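Below is one structure, written out as structure tokens, with a few remarks after it.
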Amino acid sequence: MMKDQYRPREIEAAVQGAWTANGAFTAREDAARPKYYCLSMLPYPSGKLHMGHVRNYTIGDVITRRMRMRGYNVLQPMGWDAFGLPAENAAMQNGVPPAKWTYENIAYMREQLKALGFAIDWERELATCQPAYYKWNQWFFLRMREKGIAYKKTGVVNWDPVDQTVLANEQVIDGRGWRTGAEVEKREMPMYYLNITRYADELLDSLEGLDGWPERVKTMQANWIGKSEGAEIHFPLADNDGEDVIKVFTTRADTLMGATYVAVAPEHPLALKVAEKNSEVAKFIEESRKGGTTEAAIATQEKRGMPLGLEAEHPLTGEKLPVWVANYVLMNYGEGAVMAVPAHDERDFAFANKYGLPIRQVVACEDYDDKEWRDEYSDKQRTLVNSGKYDGLGFEQGTDAIAADLEQKGLGKKRVNFRLRDWGISRQRFWGCPIPLIHCGKCGEVAVPDNELPVKLPEDLVPDGSGNPLNKCAEFLDVKCPQCGGAAKRETDTMDTFVDSSWYFLRYTSSDNDGAMVDARADYWMPVDQYIGGIEHAILHLLYARFWTKVMRDLGLVQADEPFRNLLTQGMVLNHIFFRKEGAGRIEYLPPADVDVERNDKGEIVAAKRRSDGAPVEYGGIGTMSKSKLNGVDPQSMVEQYGADATRLFMMFAAPPEQTLEWSDTGIEGAWRFLKKVWQFAVDNEASIRAGGESFDWSRASDGLRAARREIHEALKQANADYERKQFNTVVSAAMKILNALPKQSAPEQAALVAEGFGILLRLLAPITPHVAQRLWSELGFGDDILDAAWPEHDEDALVSNVIELVVQVNGKLRGRVAVPAAADRAAIESAAMSDANVQRFVEGKTVRKVIVVPGKLVNVVVA
RNA sequence: GCCCGGGUGGCGGAAUGGUAGACGCAGCGGACUUAAAAUCCGCUGGCCGCAAGGCCGUGCCGGUUCGAGUCCGGCCCUGGGCACCA
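Under my numbering, the very last position in the first sequence is 1422; numbers go up by exactly one each time.
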């Protein structure tokens, strides 16, 4: 007998226990079955799960479980992105080593994931801070170093003064550190780079083949790579000690004959050299360096510059052109210098007008006015004028001809330029993967031999906030040089944590292999069939992972060209925000749970009060759940209150996966209520369900039974289509429709309907609410294990009806409904439609022009 | 400025060019209860109407079509990405 009450905690614990006991989610390579690798982005072990995690992993779990029921050999692994700054910060606060903090968080969050019932193969679990994992970061870094893909370069780097570390360009947002928000400073520092630009073309071109990726993610990557075709042009310097040529990049080489000056960036070596002797220039450089780097500042910043007192030769005419330093030239794009063609470039135009530099029109435009810019001046569809032998040529011909002449003189050539920079991976941080190098006074920089890997990070050090503690750790620092045996020092820089997450999906396939980074099992599982994660990783992580996979391919480690076949970027989880204004402009946020809300007739929030004392509270609208705004909802308390199934169900029902999701307390209660109804239905109809399992001849069933069955199969058909396009909210709707279509208290003659319908319902729900589905499935005698139950498909015969209702329109407006036999021919349908009284009213006295019949749907009578 | 999304009831959201608002939440009414909770039943886009039914309605303006939330053109608002990119 079934228990009367739906008790999720009891059910979920028991079902999860059974899964663990029989290793239900252990994945084995099996050539006989089609494989499916379903992967969610691994979490950072910050302490506890948040709702974004729950959403992410529920989406992945739903896909995983459904594919398994459809007969696929499915792998869903899990791991921890375990290196990074928060562990260091927590260590400083609590005086606990980052390792301890991290491993404790992992242990806690692992239990949370298990309590949510995800079908994860825990045998493959990894944490990127484990030596067994990062050993291969180091090993592969050395391979890349041998190939020149990893190389050392001193460069200007972004220095975050708060975190005391170097940031990648990608980690600088509006001139501020992406974590700290502190204004970034420039520093020179030797560091290691990965030559991702070598792969820029392939990374761009193979985007096209990624049909399973959202278009916008591909666009963002393409923009980031930023390929532009043009030419490199050299402007010889007339007389200058040292530098002999200014290199520029341009996409408009055809307009070279219109160049009237050359401009370099404030950070350009030439400008810096002049600044040594010219305090005016030095002052200008200093000012433009601190001139705001924020978006708004750049957009409104005036174009400013000053002459350097140098002259460069035009590469074709030899004409002497003044060299300027200008704040609108960017050091980190192209060559940090431009040839200025004021007549045909809007920025040069403004600059030339401001400083009275010459403007020379070289592209045909009628009524050219050198005081007022018009967009047609930079139109590539026009032909060259005032350009000597190049006159009359178009953009492409002109570019080709000029590039050919430049090449002959050794002063330029066609070239492709990328916005993408090489990836600087050195970090002056402790809690990261050590870069496996040794500095020897005699031998220089020496690689740690493979058989001495991994270079282990001491797990007992506690950073104190004054830089990297490895620099003070003799045990780590002092080593013998692998080449000469003399005293030497270890490199103390660690790798960017994006390195760790650039290949973890490959390690899952071979996580128990101590002797190799990956083995043949990688080629069984790769590529990942479905990857799920936040849109915030659309550029960096996904680009790095694609790059890393291609390098591994080129070093013969894997066959895959691309790591992720299908990508789903889930939307954020939002909640209401409430706050109070304290004195001195301070804002105090309040958790929504502590606030009582007053709504107007339209349901809009008009007032809010703190529950404890009734003090008024301001409503801040809806925003992403965040620690600072205190509007997060703890998944743990939801699971305790409503169960994992209800939590998962609400997450899937509240919005389609890619859209933002608004948290709703009443919404999760609705999900909970639905599961209670499902349970109650099983209790009330147990006998029918057990009795109805025999095969049944539906062709002899009553109209009522067949109508109910039709509803169920229509909902099933819709659910399957929606599962296929990953619109899980309407899958849940379909499940609700099925429950609504079933008789609440079934009579004996309804047994077959109830048994079939409820069996369909349980299997539709199994991926979303696996515990309750499993319990009811086995309890009601459908089978032992719903995990491997056959996925339900609708019965086409069930959709057939003897009588169908057609909508009748007159001139496209709904005027009536008529029931006709399914077999009715066109004439019969038309006459039935015309005989409807209301339709008659609108047709009377008018001429019927034509009648459109859409089979099974509607009739539209066109009158005039 | 350029490139992507998105604008549908009180709310979350449904609708292969064919009944706009499925499913749920909230609200209202009723049943059960001493009462409350839970549960169950009904109503619920706006306006007019006793009703039958009618008119209006998917950001705005126009177009294509027998028929447009859906397709096309032009706007407005909004979210995101990129950006003095040469």
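By construction, the Cβ of each residue, glycine as well, lies at the ideal position given by its N, Cα and C atoms. None of the values given here were measured: they were computed from a predicted structure.
Proximity winner among the options, relative to residue i (alpha-carbon distances)
i        : options                                : result
Tyr-615  : Thr-1052, Met-636, Ser-604             : Met-636
Glu-1363 : Glu-1307, Leu-1345, Asp-1394           : Asp-1394
Ile-791  : Leu-915, Leu-1113, Gly-894             : Gly-894
Trp-1106 : Glu-1094, Pro-1121, His-1095           : Pro-1121
Asp-1077 : Ala-1096, Met-560, Trp-694             : Trp-694
Lys-835  : Lys-805, Leu-866, Val-806              : Leu-866
Gly-1092 : Gln-1128, Arg-1111, Ser-1068           : Gln-1128
Ile-754  : Lys-1415, Arg-1399, Ser-1060, Pro-1301 : Ser-1060
Ser-598  : Val-573, Ile-569, Gly-735, Leu-633     : Leu-633
Pro-1193 : Asp-1112, Trp-680, Gly-1201            : Gly-1201
Arg-1451 : Gln-919, Asn-1071, Arg-979, Trp-659    : Lying outside 559 to 1422, the shown extent of the chain, residue 1451 is not represented and no answer is given.
Leu-1101 : Asp-1119, Ala-673, Leu-1113            : Asp-1119
His-1099 : Tyr-1062, Val-943, Cys-1031            : Tyr-1062
Ala-1229 : Thr-1205, Pro-1215, Ala-1249           : Thr-1205
The ligand NAP heavy atom lying under 7 Å from the CB of residue i
i       : result
Ala-811 : Of ligands this structure carries none, so the ligand NAP is not represented either.
Distance, residue j Cα to residue i Cα
i        : j        : result
Ala-811  : Lys-967  : 15 Å
Ile-1344 : Ala-1313 : 15 Å
Ser-1257 : Leu-765  : 52 Å
Val-1361 : Pro-1379 : 4 Å
Lys-711  : Tyr-750  : 6 Å
Tyr-948  : Ala-959  : 8 Å
His-826  : Pro-880  : 16 Å
Leu-1322 : Leu-1297 : 12 Å
Pro-873  : Ala-833  : 26 Å
Asp-937  : Arg-973  : 21 Å
Leu-1357 : Arg-626  : 27 Å
Gln-574  : Ala-1347 : 18 Å
Ala-1279 : Ala-1385 : 34 Å
Cys-991  : Asn-647  : 17 Å
Ala-1045 : Gln-651  : 36 Å
Thr-1055 : Gly-642  : 6 Å
Lys-861  : Arg-745  : 25 Å
Trp-577  : Ala-1310 : 31 Å
Ala-821  : Lys-841  : 17 Å
Ile-617  : Ser-1186 : 26 Å
Met-889  : Asn-716  : 14 Å
Trp-981  : Met-747  : 14 Å
Boundaries of the beta strand (DSSP E) in which residue i is found, first to last residue
i        : result
Lys-805  : 803–808
Asp-1036 : 1036–1038
Asn-1298 : No beta strand (DSSP E) contains Asn-1298, which is instead part of the alpha helix (DSSP H) from 1286–1299.
Ala-895  : 895–898
Proximity below 8 Å, CB of residue i to CB of residue j
i        : j        : result
Trp-697  : Asp-1008 : yes
Met-864  : Val-883  : yes
Ala-796  : Lys-912  : no
Val-1423 : Val-1417 : It is not possible to answer for residue 1423, since the shown part of the chain is limited to 559 through 1422.
Ala-640  : Pro-689  : no
Asn-975  : Gly-892  : yes
Gly-735  : Asp-721  : yes
Ala-685  : Thr-957  : no
Trp-1221 : Val-1191 : yes
Ile-1135 : Asn-1189 : yes
Arg-1104 : Leu-761  : yes
Leu-1115 : Met-1075 : yes
Endpoints, alpha helix (DSSP H) assigned at residue i
i        : result
Tyr-615  : 609–627
Ile-1387 : 1384–1393
Phe-1239 : 1223–1242
Tyr-567  : The amino acid occupying residue 567 in the given sequence is Arg; Tyr does not appear at that position. Per DSSP, Arg-567 belongs to the alpha helix (DSSP H) from 566–579.
Thr-818  : First-last for Thr-818: undefined, no H or E at that position.
Gly-1317 : 1309–1323
Gln-1367 : Looking at the DSSP string, Gln-1367 is not in any alpha helix (DSSP H); the run it does join, the beta strand (DSSP E), is 1361–1368.
Pro-827  : 827–835
> Which ranges would you report for the beta strand (DSSP E) in the stretch 644–732 if only whole runs of at least 3 residues count?
Replying inline: 708–718, 723–725
>> I'd like the ranges of any alpha helix (DSSP H) spanning at least 4 consecutive residues and lying wholly in the stretch 1080–1137.
In response: 1098–1112
> Unbroken alpha helix (DSSP H) runs of length 4 or more, entirely within the stretch 912–970: which are they?
Replying inline: 953–967
>> Quick check on the DSSP output: what are the complete alpha helix (DSSP H) runs of length 4 or more inside the stretch 734–785, in order along the chain?
In response: 758–763, 773–783
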